[in-house]
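Trainee: One structure, as structure tokens, below. Some questions next.
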Amino acid sequence: METAIGVFDSRDHAEAAVKELLASKVPEDSIVFLTRSEIEAQTIGRQFGATIGGFMGGATGMASGVAVASLLLPGIGTLFALGFGAAALVGLAGAGAGAAVGKAAAGDGSAGPQPTKDENCAEDVSFFRAVLAEGKSLIVVRTESHETAKKACEILDRLGLGIQGRTPVKTQTSTREIEDVVIVDVIGRITLGEGNVMLREVITGLMDNGRVKILLNLQEVGYVDSSGVGELVRACTSVRNRGGQLKLVSPSKRVDDLLRMTRLHTVFEIETDEASGIQSFNRPSSQAVA
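Here it is, written out as structure tokens:
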């Protein structure tokens, strides 16, 4: 499963991204849109053919098979969501928040697919909440198709917040061990079909061998696309689910700028140098702060 994440602070850009995703034949059931703005939700909903009547009382409906709902997010307020699995991405699946996503609006009272937490909803909940808390909106595309993911990445990279330009350096990874910490050095880019797969394989291999104290060195990473953002979130969550910690160290300026624009820096623990990163594993775990 490939995951591409687009972060938007412009309603026009978010609307254009959804329009292009649909025009490029990205399946509606692969797209999730999250926002705190009801006006933005109304605008984006029309791209799906939705009529979203104020989301009164957490009302839900379906537009062309895409679930729409309003959800009350503790600490953030009302969240407007389009797409199956949206509730799971922000940690509300099965929590009874809002009405059940997927209930048909046609008046027959039948219920559609319910969002649940599974391997397709493995992204870190705190990431999505942090982005939404900043007033930004999110488009998440999840697909098994490499071609679909490629189309989605191109659109989300161009219209969302991200690193502009590419690095010609071919992606390389290597690992080193200091005490019980594994340092993963990444050189080049973390992008769809190259860096993201390589990073996934390295992290999975380490976890399978019981190594769950991981320091990810991004000093020589010059480009991260929307799929790469999804992979970083996936890696962090996977290690946490194994009872470990994954931290970033010395991100390049371009990557650091991306992390701050997308608010991902509030989710990851980011260390300025390798020595402090290694020592940090002996401290109580805490999320990075702005």
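Each residue of the sequence shown is one higher than the last, beginning at 13 in this note's numbering.
All C-beta atoms in this analysis are idealised placements derived from N, C-alpha and C, irrespective of residue type, glycine included.
These figures come from a predicted structure and were not determined experimentally.
(1) Check whether the Cβ atoms of Ala98 and Ser239 sit closer than 8 angstroms, and answer yes or no.
(2) In this structure, how does DSSP classify Ile151 when only helix, strand and coil are distinguished?
(3) Evaluate contact between the segment 153–171 and the segment 225–235, counting only Cβ atoms and requiring at least three cross-stretch pairs below 8 angstroms.
(4) Does DSSP classify Ser238 as helix, strand or coil?
(5) Kindly give me the distance between the Cβ atoms of His277 and Gly172, rounded to whole angstroms, as I take these residues to be in contact under 8 angstroms.
(6) Give the straight-line distance between the Cα atoms of Thr47 and Arg58, rounded to the nearest whole angstrom.
(7) Ordered along the chain, which non-local residues of its own chain (more than five positions away) have a Cβ less than 6 angstroms from that of Asp197?
(8) Helix, strand or coil for Asp197 per DSSP?
(9) Out of curiosity, what's the CA-to-CA distance linking Ile56 and Gln291?
(10) With distances taken from CA atoms, which of Arg23, Leu84 and Asn253 is nearest Ile51?
(11) Let's see if you can read the secondary structure: which residues bound the alpha helix (DSSP H) around Phe139?
(12) Whole angstroms is fine: what's the gap from Phe139's alpha carbon to Arg201's?
(13) So, at 7 angstroms on beta carbons, what are the nonlocal neighbours of Gly289 in its own chain, with the 5 sequence-adjacent residues on each side left out?
(14) Assign Asn294 to one of three DSSP states: helix, strand, or coil.
(15) Of all the beta strand (DSSP E) runs that stay within the bounds of the segment 246–270, which reach a length of 3 or more residues?
(16) Between the Cα of Gly95 and the Cα atoms of Ser42, Glu213, Ala142 and Val224, which residue gives the shortest distance?
(17) Across which residues does DSSP place Gln54 in a beta bridge pair?
(18) Run through the DSSP bridge pairs and tell me what Gly18 is partnered with.
(19) What's the call for Asn208, buried or exposed, on a 16-neighbour Cβ count within 10 Å?
(20) In terms of residues, what are the limits of the alpha helix (DSSP H) holding Thr160?
(21) Locate the beta strand (DSSP E) running through Arg188, then write down its first and last residues.
(22) Is the separation between the beta-carbon of Leu211 and that of Ala29 shorter than 8 angstroms?
(23) If I'm right that Lys163 touches Val38 with Cβ under 8 angstroms, what's the distance once you round it to whole angstroms?
(24) Could you check where the alpha helix (DSSP H) with Gly87 kicks off and where it finishes?
(25) By alpha-carbon positions, which one of Arg141, Ser36, Cys248 and Ser49 ends up nearest to Gly87?
Mentor: Well, looking at it:
(1) no
(2) strand
(3) no
(4) helix
(5) Going by Cβ atoms, the distance from His277 to Gly172 rounds to 17 angstroms, so no, they are not a contact pair.
(6) 15 angstroms
(7) Ser186 and Asn229
(8) strand
(9) 46 angstroms
(10) Arg23
(11) Val137 to Ala145
(12) 21 angstroms
(13) Leu227, Lys259, Val261 and Glu283
(14) coil
(15) 257–261
(16) Ser42
(17) Answer is none; Gln54 lacks a bridge partner.
(18) Ile151
(19) buried
(20) His158 to Leu171
(21) Gln184 to Ile190
(22) no
(23) 6 angstroms
(24) Note, Gly87: premise wrong, no alpha helix (DSSP H); not H, not E.
(25) Arg141
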